[in-house]
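A.B. asks:
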Amino acid sequence: GSIIGIVGGGQLGRMLAVAAAQLGYKCHIFDPHERPCAADVAAGFTRAAYDDTAALAAFGQAVDIATYEFENLPVEPLRVLGDKLRPGTKSLAVAQDRAEEKAFIEATGARVAPWRSVSSFEDVEAAVAELGVPIVLKTRRYGYDGKGQAWIRSPEEAAAAWDAISHEPAVAEAGVSFAAEFSVIVARWADGRTTFWDSPDNAHREGILRTSTVPSGDLIAGQTAEARAAAASVAEALGHIGVLTVEFFASAHGPVVNEIAPRVHNSGHWTIEGAVTSQFEQHIRAVCDLPPGSTDLAAAAVAMDNLIGDEVHGWRDLLADPNAHVHIYGKGEARPGRKMGHVTRLTLK
Ligand code: ATP
Ligand code: MG
Ligand code: MG
């Protein structure tokens with residue numbers, strides 16, 4: 005096909021559309037907002053609610069392949085896209101509910117932090133009693149960038165944490181003591197082939213990814229093989245087509261899965277200039293059933309820093325480094341905590 009539909013019009017959709025355009029595809033964005041940043045670089049745009057089945061059906065008619073860049077989408081309406089949707093609704097359904105996600109990951113044999121599903125304060129108290137502290141409450145749905153989370157560091161904090169997440173159905177998860185965080189970004193083809201990039205070392209601040217660097221240190225490198233096997237099992241069990249990201253804690257007991265994203269990921273932005281084939285191009289190749297590109301590093305070292313909120317205003321200064329690649333998403337208002345762009349710095353030797 006020659007028209008790719010992308011459900012969701014944020015920066016991930018924008019970077020997917022740029023990669024698709026390079027291969028000669030036209031992209032059509034589906035998003036409820038007035039002016040999503042992906043629509044600026046796409047050939048077509050439908051503004052409609054994600055649960056507007058009639059609009060989705062028309063979108064499905066207009067495109068040859070459809071994909072998504074956002075996991076908090078209502079699953080049922082998307083079924084109208086049928087086999088055109090890659091990855092399918094299974095990946096979406098599992099990734100958008102933390103309880104389903106953890107149970108699914110555990111069933112594949114991968115390690116997750118001890119956890120409980122909680123839907124009442126009694127459940128929270130029981131989780132504190134059984135798991136001990138620290139634990140973190142995470143709403144089952146709609147959380148991102150650390151939103152919808154509250155830590156319980158002593159049993160007395162349980163009530164405040166439960167209030168902080170507005171008594172939403174949640175998971176209570178044991179705090180993992182980790183030396184580093186990393187991700188496995190895997191692309192999977194319909195026939196089961198997979199490719200992986202180097203796993204970046206991911207540094208977060210206040211629940212938001214700040215920096216991803218490759219190559220990682222020895223600790224992460226030593227856990228990558230096991231983590232890749234876990235990510236491949238998850239992708240296989242989902243029947244996933246396209247890019248899938250699995251976030252890990254590098255613990256003393258080996259890699260512990262934090263969460264999955266059924267899509268291209270912020271910790272893979274470094275691949276645009278830092279790898280032979282970017283995560284965005286590879287996703288397009290996988291969903292269009294084209295041959296995989298090389299995932300080899302294109303530099304000795306790569307560091308990606310997010311530009312969050314006001315930081316975006318300093319982008320011209322970043323260009324003083326001739327090996328810096330600045331990406332501005334064109335999202336409008338630089339609200340605090342909002343991902344506005346990123347900069348990737350290559351160390352060539
Ligand atoms: P995003 O989807 O944007 O990556 P999110 O809102 O889904 O973020 P998580 O990935 O669950 O949030 O958590 C954000 C960060 O909080 C993690 O990357 C990690 O630094 C910390 N964190 C989360 N869960 C735990 C845990 N069980 N133990 C220790 N740290 C944790
Ligand atoms: Mg998440
Ligand atoms: Mg995360």
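Add 4 to the 1-based position in the sequence shown for the UniProt record's numbering, that's all there is to it. Cβ coordinates follow ideal geometry from the N, Cα and C atoms, glycine included. No experiment lies behind these values; they were computed from the predicted model shown.
Say yes only if the C-beta of K142 is nearer than 7 angstroms to one or more non-hydrogen atoms of ligand 1, and no if none qualify.
C.D. replies: Mapped onto the sequence shown, residue 142 falls at position 138. K142 Cβ: within cutoff of ligand 1.
A.B. asks: Can you tell which of R83, F108, S271 has the C-alpha that lies nearest to the C-alpha of L60?
C.D. replies: Counting from 1 along the sequence shown, the entry for residue 60 is found at position 56. Considering only alpha carbons, the answer is R83.
A.B. asks: Going by other Cβ atoms of all chains shown within 10 Å of its Cβ, with 16 needed for buried, is F63 buried or exposed?
C.D. replies: The count along the sequence shown starts at 1 and reaches residue 63 at position 59. Under this definition F63 is a buried residue.
A.B. asks: Ligand 2 heavy atoms versus the CB of G334: any closer than 7 angstroms?
C.D. replies: For the purposes of this step, residue 334 is identified with residue 330 of the sequence shown, where counting begins at 1. G334 Cβ: outside cutoff for every heavy atom of ligand 2.
A.B. asks: Let me have the residue list for ligand 3: C-beta closer than 6 angstroms to any non-hydrogen atom, ordered along the chain.
C.D. replies: After applying the 6 angstroms Cβ criterion, the set is E251, N262, E263.
A.B. asks: Can you tell me whether T57 is helix, strand or coil according to DSSP?
C.D. replies: Along the sequence shown, one-based indexing puts residue 57 at 53. It is helical.
A.B. asks: State the start and end residues of the unbroken beta strand (DSSP E) segment that holds Q153.
C.D. replies: Locating residue 153 in the sequence shown gives position 149, where the first residue counts as 1. Per DSSP, Q153 belongs to the beta strand (DSSP E) from 153–156.
A.B. asks: Let me know if K151 comes out buried or exposed under the rule of 16 or more other beta-carbons within 10 Å of its beta-carbon.
C.D. replies: The residue given as residue 151 occupies position 147 in the sequence shown. Classification for K151: exposed.
A.B. asks: From S158 to P138, what distance separates their C-alpha atoms?
C.D. replies: Taking the sequence shown and counting its residues from 1, the one referred to as residue 158 is at position 154. Taking the sequence shown and counting its residues from 1, the one referred to as residue 138 is at position 134. S158 and P138: Cα-Cα distance of roughly 7 angstroms.
A.B. asks: I'd like the list of long-range same chain contacts for T199, defined as Cβ closer than 6 angstroms, with 5 residues on each side in sequence excluded.
C.D. replies: To locate residue 199, count along the sequence shown from 1; it is residue 195. Only A191, P296, T299 meet the Cβ criterion.
A.B. asks: Three Cβ pairs or more, each shorter than 8 angstroms: is that satisfied between the stretch 335–345 and the stretch 239–248?
C.D. replies: With the cut-off at 8 angstroms, the stretch 335–345 and the stretch 239–248 do not touch.
A.B. asks: Let's test the definition: count the other Cβ atoms within 10 Å of the Cβ of G221 and tell me whether it reaches 16, buried, or not, exposed.
C.D. replies: Working through the sequence shown from its first residue, we reach residue 221 at position 217. The residue is exposed, with fewer than 16 neighbouring Cβ atoms inside 10 Å.
A.B. asks: By DSSP, does N310 sit in helix, in strand, or in coil?
C.D. replies: Position 306 of the sequence shown, counted from the first residue, corresponds to residue 310. Strand.
A.B. asks: Bridge partners of C31, per DSSP?
C.D. replies: Residue 31 sits at position 27 when you count from the first residue of the sequence shown. C31 is bridged to I8.
A.B. asks: Specify the secondary structure class of G136 as computed by DSSP and reduced to three states.
C.D. replies: What you label residue 136 is simply residue 132 of the sequence shown in a count that begins at 1. In the structure shown, G136 sits in coil (DSSP, three-state: anything other than H, G, I, E or B).
A.B. asks: Alpha carbon to alpha carbon, how far is E104 from N327?
C.D. replies: Taking the first residue of the sequence shown as position 1, residue 104 is located at position 100. Taking the first residue of the sequence shown as position 1, residue 327 is located at position 323. Rounded to whole angstroms, E104 to N327 spans 42 angstroms at the Cα level.
A.B. asks: Do you know how far the Cα of W119 is from the Cα of A176?
C.D. replies: Numbered from its first residue, the sequence shown carries residue 176 at position 172. Numbered from its first residue, the sequence shown carries residue 119 at position 115. Distance between the alpha carbons of A176 and W119 is about 5 angstroms.
A.B. asks: Between the C-alpha atoms of S216 and H208, what's the straight-line distance to the nearest angstrom?
C.D. replies: As a first step, residue 216 is located in the sequence shown; it is residue number 212 there, counting from the start. As a first step, residue 208 is located in the sequence shown; it is residue number 204 there, counting from the start. Rounded to the nearest angstrom, the two C-alpha atoms are 9 angstroms apart.
A.B. asks: With distances taken Cα to Cα, identify the nearest neighbour of K94 among T351, V128, A239.
C.D. replies: Position 90 of the sequence shown, counted from the first residue, corresponds to residue 94. It is A239 whose Cα lies nearest to the Cα of K94.
A.B. asks: Only counting the same chain, and skipping five residues up and downstream in sequence, which positions put a Cβ closer than 8 angstroms to that of V22?
C.D. replies: To locate residue 22, count along the sequence shown from 1; it is residue 18. Excluding residues within five positions, the ones whose Cβ falls inside 8 angstroms are V45, F284.
A.B. asks: What are the start and end residues of the alpha helix (DSSP H) that includes T275?
C.D. replies: Residue numbering aside, residue 275 sits at position 271 when the sequence shown is read from its first letter. Segment 275–278, the alpha helix (DSSP H) holding T275.
A.B. asks: Where does Q65 land, buried or exposed, given buried means 16+ other C-beta within 10 angstroms?
C.D. replies: Within the sequence shown, the letter at position 61 stands for residue 65. It is exposed - the Cβ of Q65 has fewer than 16 other Cβ atoms within 10 Å.
A.B. asks: By DSSP's criteria, K343 is part of a beta bridge. Which residues make up the other side?
C.D. replies: As a working note, residue 343 is residue 339 in the sequence shown. Paired residue(s): I312.
A.B. asks: With G211 and D309 assumed to form a contact (beta carbons below 8 angstroms), what rounded beta-carbon distance in angstroms separates them?
C.D. replies: Counting from one through the sequence shown, the residue named residue 211 turns up at place 207. Counting from one through the sequence shown, the residue named residue 309 turns up at place 305. Not a contact, Cβ separation roughly 17 angstroms.
A.B. asks: Can you give, in chain order, each stretch of the alpha helix (DSSP H) that sits fully within the stretch 138–195 and has at least 4 residues?
C.D. replies: List check, alpha helix (DSSP H) in window: 162–168.
A.B. asks: Assuming G341 and I312 form a contact by the criterion Cβ under 8 angstroms, report the distance between their Cβ atoms to the nearest whole angstrom.
C.D. replies: Here the question's residue 341 lines up with position 337 in the sequence shown. Here the question's residue 312 lines up with position 308 in the sequence shown. Confirmed, about 6 angstroms.
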